[in-house]
Ligand code: GUN
Ligand code: ZN
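In the numbering used here, the protein residues as written are 9 to 458.
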């Protein structure tokens, strides 16, 4: 635990609510602000002048080290609510939509994760990439192999990260060597929950891949696990692709609709996170809202696989919780700035507005709410874990030039959201400790061979 207390100075932005609800009151912006971190947690937030004068008055200023990021933007670490660990080596694979893409690209790659050493090596590349992109928490699909989860959690634990992950459960409609069965998937998940859930900053997600790859009996075992461990997550896919939706109808003829399959199995709950949710009915939206379940919106993936245009407006109207997911490797970028930028373009195609405030809310507090972690991560409320990032307005000469032509805070943030990527993430902090410095990382400029 970090015992050094630090004051971080710079422009500071965070969110206290959804801009769709609170408008301009949803964000806090402190030009020349100060974020005070004590023992890895947020202790004070405000204008630099006020915070320094209070500490001086109380003769406490000497107790703090001061780190300055003048003219840079300090924000909470970003939260990726849906990403696949094993798919990083085939990100950007050519030419297919979901169901063929799974069999051509995803399944063959996932077979490699039976080897724990391989899974560890990939986990480290994956975690480096998250931190480089300013993502400090993620909800992660591992593979069907428990080894993949052990490897991932082992490496995340070494870095003191808040990560949520789980073993994929799938007992049908997949290659034989990626298939588990009802009893092994239950037993292996249970062992992993006992071993990792709530250990340090790690949490477990029961992870049936999607309805087509689980039997009714396996979905029933997912419910048993959620009943036995009520604070674990449920993480799966929902209503992403038209052919997938048709397939679900034939596999589960007795369920009302796609979400109904999960609902009938007792899996639609407060900590349930459903990736995509593109083709949902009014009934499904209402059911998600009533049960406080969340959707992870994955725009780069939805465009890459040609899956469809997400109905964010309907989520707002129904008060469905939404976070943002990269869905790497169907998603094409680790960057949640790029992900928010693609979300903007999807809303343009639907003739809906999507402000920078909305985008930056979704990648921070929106993600925390989707994961039921508000008050722990996602903003700078007192007591929150001090996972945060420093965004560099001068990341490239051109970005500097473009930003010099912005007049309002929203213009500045919108430019950062549309043009920003990992080059803008100057520094990433975990519990108040610097874990990624862009200028050092890019000087070495290498990704390990695997
Ligand atoms: N549906 C079931 N599995 C997957 C997957 O690995 N990626 C995406 N995008 N959708 C899925
Ligand atoms: Zn996915």
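We put the beta carbon where it would ideally sit given N, CA and C, even for glycine.
Residue i in three-state terms, based on DSSP
i           : result
residue 222 : coil
residue 331 : strand
residue 396 : strand
residue 378 : helix
residue 363 : coil
residue 286 : coil
residue 58  : helix
residue 229 : helix
residue 94  : helix
residue 149 : strand
residue 157 : helix
residue 82  : strand
residue 246 : strand
residue 426 : helix
residue 355 : helix
residue 449 : helix
Any non-hydrogen atom of the ligand GUN within 8 Å of residue i CB
i           : result
residue 359 : no
residue 323 : no
residue 271 : no
residue 459 : The chain is shown from 9 up to 458; residue 459 falls before or after that span and cannot be answered.
residue 180 : no
residue 335 : yes
residue 362 : no
residue 248 : yes
Whole-Å CB distance - residue i paired with residue j, under 8 Å assumed
i           : j           : result
residue 20  : residue 53  : 7 Å
residue 401 : residue 84  : Not confirmed; about 18 Å, so no contact.
residue 362 : residue 355 : 4 Å
residue 339 : residue 309 : 4 Å
residue 437 : residue 23  : Rounded, the Cβ-Cβ distance is 18 Å, inconsistent with contact.
Host beta strand (DSSP E) of residue i (start-end)
i           : result
residue 17  : 14-23
residue 214 : 210-216
residue 171 : 170-174
residue 443 : 441-445
residue 304 : 302-305
C-beta atoms of residue i and residue j nearer than 9 Å
i           : j           : result
residue 247 : residue 285 : yes
residue 13  : residue 46  : yes
residue 336 : residue 147 : no
residue 151 : residue 176 : yes
residue 380 : residue 278 : yes
residue 166 : residue 449 : no
residue 346 : residue 429 : yes
residue 425 : residue 341 : no
residue 291 : residue 329 : no
residue 17  : residue 115 : no
residue 226 : residue 238 : no
residue 72  : residue 63  : yes
residue 407 : residue 427 : yes
residue 357 : residue 326 : no
Contact test: residue i Cβ vs the ligand ZN heavy atom, cutoff 8 Å
i           : result
residue 88  : no
residue 283 : yes
residue 16  : no
residue 306 : yes
residue 219 : no
Terminal residues of the alpha helix (DSSP H) in which residue i lies
i           : result
residue 268 : 266-272
residue 131 : 124-140
residue 42  : Where residue 42 is concerned, there is no enclosing alpha helix (DSSP H), although the beta strand (DSSP E) it sits in stretches over 35-46.
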